[in-house]
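When we follow the working numbering, the leftmost residue of the sequence shown carries the number 651, and every step to the right adds one. Some notes on the structure that comes next.
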Amino acid sequence: MRTFLIQGQKLGSGTIIPAHDFGFTVIEAIKFEEWLQQQKVYDYDFLNCETLDMKLGNDCIPVGSVEFVLSFFKNSFEINNIIPVNIPKELDGFTNRKIERIKNISSLETDCPKFIKSMTGIKKYSSIINEYGLSKFPEDDYLVSEMIDIASEWRCFVYNGVLLDSKCYSFYKSPFIVPNINVINNIIKKYKNCPKAYTLDVCVGIDGKTSILEVHNFFSCGLYGFNDYSNYLKMLIDGIKWELSR
651 MRTFLIQGQK LGSGTIIPAH DFGFTVIEAI KFEEWLQQQK VYDYDFLNCE TLDMKLGNDC
711 IPVGSVEFVL SFFKNSFEIN NIIPVNIPKE LDGFTNRKIE RIKNISSLET DCPKFIKSMT
771 GIKKYSSIIN EYGLSKFPED DYLVSEMIDI ASEWRCFVYN GVLLDSKCYS FYKSPFIVPN
831 INVINNIIKK YKNCPKAYTL DVCVGIDGKT SILEVHNFFS CGLYGFNDYS NYLKMLIDGI
891 KWELSR
């Protein structure tokens, strides 16, 4: 039986609750599966800590912050770094902006503000830079993106090549400016070398175009209201499996 180890936080009363929204969703999904199957299918436990300092087996699935899950990979499988997916090259045609992948940040032309993000480590470096900001960043491999004017940003949840849902997580004009579903489905069709479960972040520009922002393998992903109990636990399991198989 698989056990989901949920990062918790202790209340003044001593009660431990999930530290993140997706921890609550795990508990509800486990209850749903037990109701559906009329038997106990999964279990869960809390760990009231920022990182995992123990070795865990394949039957344990960590549910918590990026740091919490990274410590699971390090202690259990000696994986010291997780490379972010960012924007796969096969999806460059859906960016609607200039994208560069560079190895020497000092050579970056900063004639206008640009967004940069490390390509070598998840949650490593990201920022908006201009001609005065290059010295703050160490040499690394960076994804460099031209800036565009955004109306709203959406997280799409994909499993087995199927779009399950999309949720607005940020907006600058209105949360009701929705992305083009045909563009999203075309991105999913084009993305062949993909995780079984992943999130696809897209934006709607003020010009009305739907553009890819980035892709995340399915762990430590904010849900913003996504609660597909039929698939959520399987997505978490497959997210860990995919990282272990890379």
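Yeah, the Cβ is synthetic: ideal placement off N, Cα and C, and Gly gets one too. Being a predicted model, the structure only gives us computed values, none of them experimental.
Inset, instruction - Helix, strand or coil for T665, going by three-state DSSP, please let me know. - result: T665: coil per DSSP, three-state reduction.
Legend entry - For S870, the first and last residue of its enclosing beta strand (DSSP E): S870: not part of any beta strand (DSSP E); DSSP gives it neither H nor E.
Legend entry - CA nearest to the CA of E717, picked from N708, D709, D703, G664: D703
Inset, instruction - Quick one: using the 10 Å Cβ neighbour count with 16 as the cut-off for buried, is P734 buried or exposed? - result: buried
Legend entry - Nearest neighbour of F868, chosen from P712, A801, E759, F696 [CA to CA]: A check of alpha carbon separations from F868 across P712, A801, E759, F696 identifies P712 as the nearest.
Inset, instruction - Using three-state DSSP, classify Q689 as helix, strand or coil. - result: DSSP places Q689 in coil when its eight states are reduced to three.
Legend entry - N810 versus N708, H670, K884, residue with shortest Cα-Cα distance: Out of N708, H670, K884, K884 has the C-alpha closest to the C-alpha of N810.
Inset, instruction - State the Cα-Cα distance for the pair L741 and C699, rounded to the nearest angstrom. - result: When the Cα atoms are used, L741 and C699 turn out to be separated by approximately 37 Å.
Inset, instruction - Have a look at K724 and D851 and give me their C-alpha separation to the nearest angstrom. - result: K724 and D851: Cα-Cα distance of roughly 27 Å.
Legend entry - Delimiting residues of the beta strand (DSSP E) encompassing I766: 764-768
Legend entry - Cβ-based burial, V719 [other Cβ within 10 Å; buried from 16]: buried
Inset, instruction - Say whether the segment 791-804 touches the segment 741-761, bearing in mind that this needs 3 or more beta-carbon pairs closer than 8 Å, one atom from each stretch. - result: Touching, per the Cβ criterion.
Inset, instruction - Look at the alpha carbon of K846 and the alpha carbon of D878, and state the distance between them as a whole number of angstroms. - result: 16 Å
Inset, instruction - Out of L873, Y841, L814, point me to the one whose CA is closest to S880's CA. - result: L814
Inset, instruction - Using only alpha-carbon positions, find the residue among S870, V812, E728 that is nearest to I772. - result: S870
Inset, instruction - With DSSP as the reference, label D790 as helix, strand or coil. - result: Three-state result, D790: coil.
Legend entry - Inter-residue Cα distance where the pair is I838 and G662: Spanning the two alpha carbons is a distance of roughly 45 Å.
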